[in-house]
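Q: One structure, pasted below without further comment.
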DNA sequence: CGACATAGTCAAGCTACTTGACCATCCCGT
DNA sequence: ACGGGATGGTCAAGTAGCTTGACTATGTCG
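What follows is the structure, given as structure tokens:
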């Protein structure tokens, strides 16, 4: 594998990732959820099961807890989540999704599924599964946030 | 394909992309080029063949020409590129890489090749080619800049 | 019970972008 | 040839999303 081929592969990967995020975001907006940034989606993914504290969210997103707290301010103000007292730790607060937050998370899943279906049309279902398998083995715990 | 599987694939793709960029950046720094952000690498790729104008660079990067101009200021100040008069258009300037800029671009290619070699160890050469083929067909002209 | 650790917030600062305004030069129809 | 709109580039100011630093409240452990 020549260096230039590695660059071509890298560029294709980054282009695909950028395209995916852009189209998911567009799909979420098209479903009626405005003022939502892609980063919010990653937060929703962490909050969805049972809620999370600000600190847990910060770790998940790879940012400081102050930044996570600001993000929570934002999604609370927009009605997607709410701060509740934490059962069993009076210092902490449990951030949970509101009904609208859940609806937005579902919208993001639908949008992602739509994009991936498009890939299936181009590649075929089998190759999409191969793709998923490859990626899962390469970077099972890669960073969610981009560094560029 | 269920929605949750689409999300898993999306997450794997973004994790891989994030990991790739982080490791290329680390590789470039390890080769002695400091103060270089990943965005600079995308600029280098556009400047490498024959140079480019600020406006062309802005289109390539998906930012305003003011932002591209600021980025050029930065890499000029750091010695990676220089502004030259444009042959045939007195309004424009041709931004070209310096020798150090070329060296940095080569370092990025080496770092990328190193990461991709790691993928080859995990997946096998054949599957890496399949991966590259899939990605190239999915988003041949996706955005270079992340939106999240 | 006292000392240190941890959850969260407030405040200020930084960086990489944006929008808006502007000048110099090019191109093209009259 | 020339006048007017398009284009290339820069300067200036504003913004969003992060950072670091300082602080309070609560938990944990010897």
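Residue numbers (full-length UniProt numbering), protein chains in the order written: chain H, 1 to 148; chain V, 1 to 148.
Ideal Cβ positions, reconstructed from N, Cα and C, are used throughout, including at glycine.
Note that the structure is a prediction, hence the values are computed from the model and not measured.
Kindly give me the distance between the Cβ atoms of residue 149/H and residue 103/H, rounded to whole angstroms, as I take these residues to be in contact under 8 Å.
A: No statement about residue 149/H is possible, as the shown extent of chain H runs from 1 to 148 and does not include it.
Q: Which first and last residues belong to the beta strand (DSSP E) in which residue 85/V is found?
A: 81 to 85
Q: Count the other CB atoms within 10 Å of the CB of residue 6/H; is the residue buried (16 or more) or exposed (fewer)?
A: buried
Q: Counting only runs of 3+ residues fully inside the UniProt domain "HTH marR-type" (1 to 140) of chain V, write out the beta strand (DSSP E) ranges in chain order.
A: Segments of the beta strand (DSSP E) lying fully in the UniProt domain "HTH marR-type" (1 to 140) of chain V: 81 to 85 and 93 to 97.
Q: Check the Cβ-Cβ distances between residue 87/H and every residue of chain V, and say whether any is below 8 Å.
A: no
Q: Name the residues in the stretch 3 to 24 of chain V whose C-beta lies less than 9 Å from a C-beta of chain H; which are they?
A: 3, 4, 5, 6, 7, 8, 9, 10, 11, 12, 13, 14, 15, 16, 17, 18, 19, 20, 21, 22 and 24
Q: Taking Cβ positions only, does residue 113/V come closer than 8 Å to chain H?
A: yes
Q: List the residues of chain H whose Cβ lies closer than 7 Å to the Cβ of residue 68/V, in chain order.
A: Per Cβ cutoff of 7 Å: no residues; residue 68/V is ~15 Å from chain H at best.
Q: Does any residue of chain V have a CB that is nearer than 8 Å to the CB of residue 96/H?
A: no
Q: Please say whether residue 15/H and residue 16/V have beta carbons closer to each other than 8 Å?
A: The criterion of a C-beta distance shorter than 8 Å is not satisfied by residue 16/V and residue 15/H.
Q: How would you call residue 36/H, buried or exposed, if buried means at least 16 neighbouring beta carbons within 10 angstroms?
A: buried
Q: Do you know how far the Cα of residue 61/V is from the Cα of residue 67/V?
A: 10 Å
Q: Looking only at its chain, what residues have a beta carbon closer than 7 Å to the beta carbon of residue 69/H, apart from the 5 residues adjacent to it on each side?
A: 54
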